[in-house]
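J.:
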Amino acid sequence: MSEVMLEVKDLTTKYITRYNEDIYAVDHVSLKVEEGKTLGIAGESGCGKSTLALSLMGYYFAPLHYTSGEIIINGRDISGMDPDVVRKSILGTEISYIPQAAMNALNPTRKIIDFIEDVYHAHDEYKSKAEIYDLACECCSILGLPKEVLQKYPVELSGGMKQRTVIAVSVILFPKILIADEPSSALDVTSQKMVIKMLKDLMKDGFIKSMIFITHELPLLYNVTDDIMVMYAGQIVEKGTAKEAVFDPLHPYSKGLMGSIIVPEHGLRDIKLTAIPGVPPNLKNPPPGCRFLPRCKYTRAECEANVNLRNLEDGRAYRCILSERELRDAYRMEAEQNARK
Amino acid sequence: MLESSEIIMSAKGLTKVFGFGATKTLAVDHVNMDLYKGEVVSIVGESGSGKTTFAKMILALISITEGEIYFQGKKRDISTNKKKQEYWRNIQAIFQDPFSSYNIFHKIDAVLLDCIRMRGGGRLPREKKVEMMSEACKFVNLKYEELTNKYPFELSGGQMQRLMIARIFLLKPKILLADEPTSMIDACSRATILEMLMDLRKEVGMTVIFITHDIGLAYYVSDKVFIMEHGKFVESGSADEVILSPRAAYTKRLISDVPKIHEAWDLSTVEMQSS
Numbered sequence: 097m098s099e100v101m102l103e104v105k106d107l108t109t110k111y112i113t114r115y116n117e118d119i120y121a122v123d124h125v126s127l128k129v130e131e132g133k134t135l136g137i138a139g140e141s142g143c144g145k146s147t148l149a150l151s152l153m154g155y156y157f158a159p160l161h162y163t164s165g166e167i168i169i170n171g172r173d174i175s176g177m178d179p180d181v182v183r184k185s186i187l188g189t190e191i192s193y194i195p196q197a198a199m200n201a202l203n204p205t206r207k208i209i210d211f212i213e214d215v216y217h218a219h220d221e222y223k224s225k226a227e228i229y230d231l232a233c234e235c236c237s238i239l240g241l242p243k244e245v246l247q248k249y250p251v252e253l254s255g256g257m258k259q260r261t262v263i264a265v266s267v268i269l270f271p272k273i274l275i276a277d278e279p280s281s282a283l284d285v286t287s288q289k290m291v292i293k294m295l296k297d298l299m300k301d302g303f304i305k306s307m308i309f310i311t312h313e314l315p316l317l318y319n320v321t322d323d324i325m326v327m328y329a330g331q332i333v334e335k336g337t338a339k340e341a342v343f344d345p346l347h348p349y350s351k352g353l354m355g356s357i358i359v360p361e362h363g364l365r366d367i368k369l370t371a372i373p374g375v376p377p378n379l380k381n382p383p384p385g386c387r388f389l390p391r392c393k394y395t396r397a398e399c400e401a402n403v404n405l406r407n408l409e410d411g412r413a414y415r416c417i418l419s420e421r422e423l424r425d426a427y428r429m430e431a432e433q434n435a436r437k
Numbered sequence: 005m006l007e008s009s010e011i012i013m014s015a016k017g018l019t020k021v022f023g024f025g026a027t028k029t030l031a032v033d034h035v036n037m038d039l040y041k042g043e044v045v046s047i048v049g050e051s052g053s054g055k056t057t058f059a060k061m062i063l064a065l066i067s068i069t070e071g072e073i074y075f076q077g078k079k080r081d082i083s084t085n086k087k088k089q090e091y092w093r094n095i096q097a098i099f100q101d102p103f104s105s106y107n108i109f110h111k112i113d114a115v116l117l118d119c120i121r122m123r124g125g126g127r128l129p130r131e132k133k134v135e136m137m138s139e140a141c142k143f144v145n146l147k148y149e150e151l152t153n154k155y156p157f158e159l160s161g162g163q164m165q166r167l168m169i170a171r172i173f174l175l176k177p178k179i180l181l182a183d184e185p186t187s188m189i190d191a192c193s194r195a196t197i198l199e200m201l202m203d204l205r206k207e208v209g210m211t212v213i214f215i216t217h218d219i220g221l222a223y224y225v226s227d228k229v230f231i232m233e234h235g236k237f238v239e240s241g242s243a244d245e246v247i248l249s250p251r252a253a254y255t256k257r258l259i260s261d262v263p264k265i266h267e268a269w270d271l272s273t274v275e276m277q278s279s
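Chains as they are written, first to last, in the working numbering: chain A, 97 to 437; chain B, 5 to 279.
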């Protein structure tokens, strides 16, 4: 059994709006990432993927607030810690986060090496400029970046290069866990592949121990991750290995999600894409029972009550009132009906 | 399908050059293309390959450096504003970013009323117009009653893109040019938008030019695929032919770079480029 790098127990965080309304964007989420594993988080926009990533860092700033739960990174509980302490001693060294569109946030008036110096200085490591430069050069050569990049301004780099530089800056202090939020969504397929290869190499070369990968592109998620977690309206609705989640989803929402995959392969044109009707609920006042109820095809009277996450024996979990067998039967019947049409 | 042998539009030696002197760039390089009535054509390429420039020339949004466009057998004439507007009645576009496609000061009805006016229905009674608008909204699963007094910013990205389709439903153009219509929308609503576009195409019987960098998407929707690299078509043919047995090296690379589900995605072939 490999070591658990990150463990989250019943984490709940909320946004407080200016009208003093509470919006629980992450609602009782528990997860575990082992050493050498990659966890993928899927879900449509607004389901709380990015908020979960922000919450995992333990660095809260308004309007995001910590409510309850534990975040244990490498045996150390960081939940409820002072944000300043978290920033100094956890961020960058224990856990590192690449926000969405990070490459567009680089200050255009500063060189790449300046960003790396900033990272070192923010963690009280008063190294000399020459020392930092040497370290940065070494990192670049391992990561397959030319070291000329260090002396360049962000505008001189292409999109894919910028993204790879951002990743390099974020792992320069060897964090245990890297959270990558849509690292390749604005790139074309070739640069995307380079970024993914770099992330995989980071794990292989021992820069990072585990990774959390967030995207809504399912084919990419399937290829990058070991386990997949599907989120809907702030809750986890399905957990399983990548293969199980993509080819044999249990929850009706993940089923719909996996039915919308488009890949250039044989037989794609014969499939009819499934679309999930309706829109996600407003989290200001979410429906009391199952949050997927208004869009679900397999509803029952019991769905109105609170639905808990069911844990199966083989480590899978899903949030639905129906049993595994009932769900599978329902899907099979539907597939037969479609075939008859 | 709806294909026929009648050519609705053709481009002959279409070229666009930006800048001059040292900064001169050839964005589109002597491109020829025949568009048959009723078919769905995809133009696929990486960013910077000239897809959008080509689209803008077809839409008469930018001038053409060299070459001709023939529309319905005749040379396209957009010399005056009136003729240009006449041309735009036949060709319409859906753009990538729904958030910047609307006038933020105009309410939703104004957008749809504009379309009715463009079709020559400006003097129809109010009830008739409302009926037409609610029909269009119903087609894209929106409720007209809920939209009437709203401004575009109050809608979500998916709703805006659906409203765009409702516009096309009212305008009934001969050619629809969809420039990355689903790239700003997440995967779940993408299926809805695509199905709607395809339904609309059957309903109106129009020709669709799809511009995208997503090869899977191009394969799913189109009859014919054109692969563009550095302003030129490097490969073209039926969708099955191009995607499943590509011949050009560029197409092969493009397809191998897309993450797949049933086939392995080989990361070892990646060359880390230096700039």
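Glycine included, every Cβ here is placed at the ideal spot set by N, Cα and C.
Pairs of beta-carbons, one from the segment 12-19 of chain B and one from the segment 36-55 of chain B, closer than 8 Å: are there three or more?
T.: Yes, they touch.
J.: Do you know whose CA, among A:366, A:283 and A:377, lies nearest residue 49 of chain B's CA?
T.: If we check each option's Cα against that of residue 49 of chain B, A:283 comes out closest.
J.: Between residue 194 of chain B and chain A, is the shortest Cβ-Cβ distance under 8 Å, so that the two count as touching?
T.: Yes - at least one Cβ of chain A is within 8 Å of the one on residue 194 of chain B.
J.: Buried or exposed: residue 402 of chain A, going by 16 or more other Cβ atoms within 10 Å of its Cβ?
T.: The residue in question, residue 402 of chain A, is exposed, as its Cβ has fewer than 16 Cβ neighbours within 10 Å.
J.: Does residue 88 of chain A get closer than 8 Å to chain B when you measure Cβ to Cβ?
T.: This structure cannot settle anything about residue 88 of chain A, because the visible part of chain A is limited to 97 through 437.
J.: When we look at the beta-carbon of residue 99 of chain A and count the other beta-carbons within 10 Å, is it buried (16 or more) or exposed?
T.: Label assigned to residue 99 of chain A: exposed.
J.: Is there at least one Cβ from chain A nearer than 8 Å to residue 124 of chain B's Cβ?
T.: Not one chain A Cβ lies under 8 Å of residue 124 of chain B.
J.: Give me the chain A residues within the contact set of residue 217 of chain B, using Cβ-Cβ distance strictly less than 8 Å, ordered along the chain.
T.: Those within 8 Å of residue 217 of chain B in chain A are 284 and 285.
J.: Suppose the cutoff is 7 Å on Cβ atoms and the five residues either side in sequence are ignored; what does the same chain contact list for residue 28 of chain B look like?
T.: Excluding residues within five positions, the ones whose Cβ falls inside 7 Å are 21.
J.: Could you name the residues of the segment 39-63 of chain B whose beta carbon sits closer than 7 Å to any beta carbon of chain E, in the order they occur along the chain?
T.: Absence of chain E from the displayed structure is noted, the protein chains being A and B.
J.: Nearest by alpha-carbon distance to residue 219 of chain B: which of B:212, B:211 and B:228 is it?
T.: When only C-alpha atoms are compared, the closest one is B:228.
J.: Contact criterion: CB-CB distance below 8 Å. Does residue 293 of chain A meet it with respect to chain B?
T.: So, interface residue.
J.: Just curious, the alpha helix (DSSP H) that residue 185 of chain A is in, first and last residue?
T.: Start and end: 179-185.
J.: So with Cβ pairs under 8 Å, would you call residue 267 of chain B a contact of chain A?
T.: Chain A contact via Cβ: present.
J.: Suppose you measure from the CA of residue 13 of chain B to the CA of residue 40 of chain B; what does that come to, to the nearest Å?
T.: Approximately 7 Å between the Cα atoms of the pair.
J.: Give a yes or no on whether 8 Å exceeds the smallest Cβ distance from residue 356 of chain A to chain B.
T.: Output row for residue 356 of chain A: interface = yes.
J.: Within its chain, find whatever has a CB closer than 7 Å to the CB of residue 151 of chain B; leave out the 5 residues flanking it on each side and keep chain order.
T.: Hits under 7 Å: 112 and 141.
J.: When the Cα atoms are used, what is the spatial distance from residue 200 of chain B to residue 423 of chain A?
T.: So the alpha carbons of these two residues sit roughly 29 Å apart.
J.: Would you mind reading off the limits of the alpha helix (DSSP H) that contains residue 188 of chain A?
T.: That residue, residue 188 of chain A, is in no alpha helix (DSSP H); it is neither H nor E in DSSP.
J.: Helix, strand or coil for residue 264 of chain A per DSSP?
T.: In this structure, residue 264 of chain A counts as helix in the three-state DSSP scheme.
J.: Work out the CA separation of residue 221 of chain A and residue 154 of chain B for me, nearest whole Å.
T.: The straight-line gap from Cα to Cα measures roughly 54 Å.
J.: Going straight from the alpha carbon of residue 355 of chain A to that of residue 311 of chain A, what length do you get?
T.: For residue 355 of chain A and residue 311 of chain A, the distance between alpha carbons rounds to 16 Å.
J.: Residue 15 of chain B touches chain A at which residues, Cβ-Cβ below 7 Å?
T.: Per Cβ cutoff of 7 Å: no residues; residue 15 of chain B is ~24 Å from chain A at best.
J.: Taking the straight line between their C-alpha atoms, what separation do you get for residue 226 of chain A and residue 132 of chain A?
T.: Going by the C-alpha atoms only, they are around 33 Å apart.
J.: So, do the segment 228-237 of chain A and the segment 199-213 of chain A have three or more beta carbon pairs nearer to each other than 8 Å?
T.: The answer is yes - the segment 199-213 of chain A touches the segment 228-237 of chain A, with three or more Cβ pairs under 8 Å.
J.: Work out the CA separation of residue 369 of chain A and residue 70 of chain B for me, nearest whole Å.
T.: So the two alpha carbons sit approximately 41 Å from each other.
J.: Is it buried or exposed for residue 279 of chain B, if we count other Cβ within 10 angstroms and need 16 for buried?
T.: For residue 279 of chain B, the pLDDT reaches just 44, beneath the cut-off of 50, and the residue's location in the model is therefore unreliable, leaving the point undetermined.
J.: Any chance the CB of residue 117 of chain A is under 7 Å from a heavy atom of the ligand ZN?
T.: This structure lacks the ligand ZN, and indeed carries no ligand of any kind.
J.: With a threshold of 8 Å between beta-carbons, can residue 191 of chain B be considered close to chain A, or not?
T.: Yes, residue 191 of chain B counts as interfacial toward chain A.
J.: Since residue 232 of chain B is in the beta strand (DSSP E), which residue starts that stretch and which ends it?
T.: Start and end: 228-233.
J.: For residue 224 of chain B, would you say it is in contact with chain A, using Cβ-to-Cβ distances shorter than 8 Å as the test?
T.: Closer than 8 Å: yes.
J.: State yes or no: is the C-beta of residue 166 of chain A within less than 8 Å of the C-beta of residue 128 of chain A?
T.: Contact: no.
J.: Is the beta carbon of residue 332 of chain A less than 8 Å from the beta carbon of residue 415 of chain A?
T.: Against a cut-off of 8 Å, the Cβ pair of residue 415 of chain A and residue 332 of chain A comes out as a contact.
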